[in-house]
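Every position in the sequence shown, counted from 1, becomes a number in my numbering once 433 is added. The C-beta atom is built at its ideal place from N, Cα and C for all residues, glycine as well. What follows is a single structure, written as structure tokens, with notes after it.
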Amino acid sequence: MFSRIKEDINSVFDRDPAARTSFEVILNYPGLHAIWIHRLSYRLWCAEWKLLARVISTFSRWLTGIEIHPGAKLGRRVFIDHGMGIVIGETAEVGNDVTLYHGVTLGGTSWKAGKRHPTLEDNVVIGAGAQVLGPITIGKGGKVGSNSVVVKDLPANATAVGIPGRIVPDKHSKDENQQREEVAKKYGFDAYAVSHDNPDPVAKAIGRLLDHMHLMDDRVTELCKEINTLGGDICPKNLPELRVGEFVEDEKAAAERRESKVASFDPEI
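As structure tokens, this is what we get:
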């Protein structure tokens, strides 16, 4: 028992940089308290002391804000960060080294008896507010984005986002991604402050524009070479640089003006 407790505490240090001392973790991490109480209620549930198990799980919910049905199966080193609002159903199965953030629901979609809650394999991460519903399986190393609703199986090492949850594909090779980054630097900005596999529509649109610009640059370069071979001289050797410094300075000046107006605002007027 004590080795499992020590293992749980170490898992907090591995996944939460805010943790400082073991004593602080023991006193202030409700996710750990919920897991430790669940182990007791789960043993009682398996021993057919179901009423007492439910009473203890209800006490745990009142104490921690985390509701774990005593019939749910939790693996080793499960880390519940913050935890408030988490609900884990009766037939849910959670593997080893799984991370759950606040507001997560591992719920059912049927009132029929039997397996009706999700199975999370090892090393799964479920973002804040995500809803994983039904007797589905989230494969090993899978990730579910915050506030997503997943109702279908997720393959190993895949990421699901959105409502309903959709798998985010990595359609671009390493060379293509590097090519995009080079084009972005050429034109004075970097579109990959957001990851290429992020479903943000603006980032996707900028990525498509970079692909198109790179293609057009290649075409224009080929045309220039052919025209120069025929004796023409219409293409400059170097394209003029796109300067965005003036735009940035204008934005900074506008921001300073807004801040000065806010600072000079008198609420009594």
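Under 7 Å Cβ to Cβ from residue i, same chain only, skipping five residues before and after it: list those, please.
i	result
Ser579	Gly560, Ala561, Gly562, Ala563
His515	Tyr534, His535
Tyr462	Val445
Based on the DSSP secondary-structure assignment, which residues constitute the bridge partners of residue i?
i	result
Lys506	Glu526
Phe512	Thr532
Thr592	Lys576
Arg599	Val594
Leu539	Ile521, Val565
Leu553	Val527, Ile571
Leu587	Ile571
Ile559	Leu533, Val577
Ile501	Ile521
Val582	Gln564
Label residue i either buried or exposed according to how many other C-beta atoms from any shown protein chain fall within 10 Å of its C-beta, with 16 as the threshold for buried.
i	result
His645	exposed
Ile468	buried
Gly547	exposed
Ala626	Legend: pLDDT at Ala626 = 36, less than 50; position of this residue unreliable, no value from coordinates given.
Gly665	exposed
Ala525	buried
Thr396	Past the edges of the chain, shown from 434 to 702, lies residue 396, and the structure says nothing about it.
Leu460	exposed
Ile421	Residue numbering for the chain in the displayed model covers 434 to 702; residue 421 lies beyond these limits and cannot be assessed.
Ser693	exposed
Less than 6 Å between C-beta atoms, sequence neighbours within five positions excluded: which residues of the same chain meet that for residue i?
i	result
Gly508	Val527, Gly528, Asn529
Val583	Val565, Val577, Ala593, Gly598
Gly574	Asn556, Ala589, Asn590
Asn443	none
Gly567	Thr542, Val584
Gly536	Gly518, Ala561, Gly562
Pro549	Checking the displayed sequence, the identity of residue 549 turns out to be Arg instead of Pro. The residues are Thr524, Gly541, Ser543, Pro568.
His502	Gly522, Glu523
Tyr475	Pro503
Pull up the distance between the alpha-carbon of residue i and that of residue j, whole angstroms please.
i	j	result
Gly498	Glu457	19 Å
Val601	Ala593	6 Å
Lys386	Leu643	Here the chain comprises residues numbered 434 to 702, so residue 386 is not present and cannot be evaluated.
Gly598	Ile513	22 Å
Ala505	Arg494	14 Å
Thr704	Pro551	The structure shown does not extend to residue 704, since the chain is modelled only from 434 to 702, so the question has no answer here.
Phe435	Ser543	38 Å
Asp586	Gly540	14 Å
Arg652	Ile667	15 Å
Cys479	Arg472	11 Å
Leu704	Leu663	Within the shown structure, residues of the chain are numbered from 434 to 702, placing residue 704 beyond reach of any answer.
Gly572	Lys658	52 Å
Val445	Leu496	20 Å
Tyr534	Arg690	40 Å
Ile438	Gly522	23 Å
Between which residues of its own chain and residue i is the CB-CB distance below 8 Å, once the five residues before and five after are set aside?
i	result
Glu440	Arg509, Arg510
His466	Ser493, Leu496, Thr497
Any 3 or more C-beta pairs closer than 8 Å across the stretch 479-487 and the stretch 447-461: Touching, no.
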